[in-house]
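>
Residue numbers (our numbering): 1 to 295.
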């Protein structure tokens, strides 16, 4: 609790920590520098905002599931694993007329398989970690353009200055020089969409296979067009629904570096070794057949 003078009265008015926090959350710049220094309100407000951004999306699946059950709808969640074609899938499904009795719920990168209610169905796409790494690296080089515009952070800019190509970064992961290894590992942590693993979304193999009966589709980026046709049939969507093309498809320009040396590929296989059991499980799930959703 602090005191400040009320203008025109000379009296001191007490301001509680809760009042400061509410003011800081609504507009952090409105709180004076002295208050920031004494109570750390600005830092607390920004941290609270960040927690809300990550907390709410992970509770959203349960809210959507409840709404669907109340309306007697079949609920299908679409997970978005980074750099697997999720943006194209979501855009295509969002543009299609919705089948009756089905609620399709799209999620961002924060939502994991464990956040989805066990009784609901799930759709997701996976990708070989090597091509996903290259796609994520090149995406940060162009700052998400042309579809998005996400400026580089200071740490990302530092990482891309030290490792200007995906091959450079991959070679640095297990370099003989300890400093280079440390910088490469730090770059994998700092660069968005680059160092993430499938376990970040799917958990371990046991968790994934425990949900096998509710996984409507485990598709692959390499066969995105064919898998999307199968997904349309499973969801009962119109044959006219198509994947986006051009800039809306969020594809990387052909001019960006894509080739990796043999040593770089070996390093990445070693780095993403934990993905292999999950990818094998996804291949098994991809071969399963499901009944189409009736309109």
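The beta carbon of each residue, even a glycine, is placed where N, CA and C say it ideally should be.
Keep in mind that this is a model prediction, so the values were computed, not measured.
Report the option in 94, 126, 109, 131 whose CA atom is closest to the CA atom of residue 166.
131
> When DSSP builds the beta bridges, which residues end up paired with residue 72?
For residue 72, DSSP records no beta bridge to any residue.
> Quick one: is residue 190 buried, meaning 16 or more other Cβ sit within 10 Å of its Cβ, or exposed?
It counts as buried.
> Beta carbon of residue 128, beta carbon of residue 61: below 8 Å?
Residue 128 is not a Cβ neighbour of residue 61, given a cutoff of 8 Å.
> Does the beta-carbon distance from residue 197 to residue 91 come in below 8 Å?
no
> Exposed or buried, which one is residue 67 when buried takes at least 16 other CB atoms within 10 Å?
Under this definition residue 67 is an exposed residue.
> Report buried or exposed for residue 97, applying the criterion of at least 16 other Cβ atoms within 10 angstroms of its Cβ.
exposed
> Output yes or no for whether 8 Å exceeds the beta carbon distance between residue 78 and residue 106.
Residue 78 places its beta carbon less than 8 Å from that of residue 106.
> Just how far apart, CA to CA, sit residue 136 and residue 143?
10 Å
> With DSSP collapsed to three states, give me the class of residue 81.
coil
> Hey, out of 215, 121, 139, whose CA is closest to residue 149's CA?
139
> With DSSP as the reference, label residue 121 as helix, strand or coil.
strand
> Per DSSP, what are the beta-bridge partners of residue 106 in this structure?
78
> Decide yes or no for the touch test of the region 202-215 against the region 163-179: beta carbon pairs closer than 8 Å, at least 3 of them.
No, they do not touch.
> According to DSSP, simplified to helix, strand and coil, what is residue 218?
strand
> From the DSSP secondary-structure annotation, give me the bridge partner or partners of residue 126.
220
> Are residue 102 and residue 74 touching if we call contact CB-CB under 8 Å?
With a cutoff of 8 Å on beta-carbon distance, residue 102 and residue 74 are scored as near each other.
> Rounded to a whole number of angstroms, what is the C-alpha to C-alpha distance between residue 280 and residue 199?
13 Å
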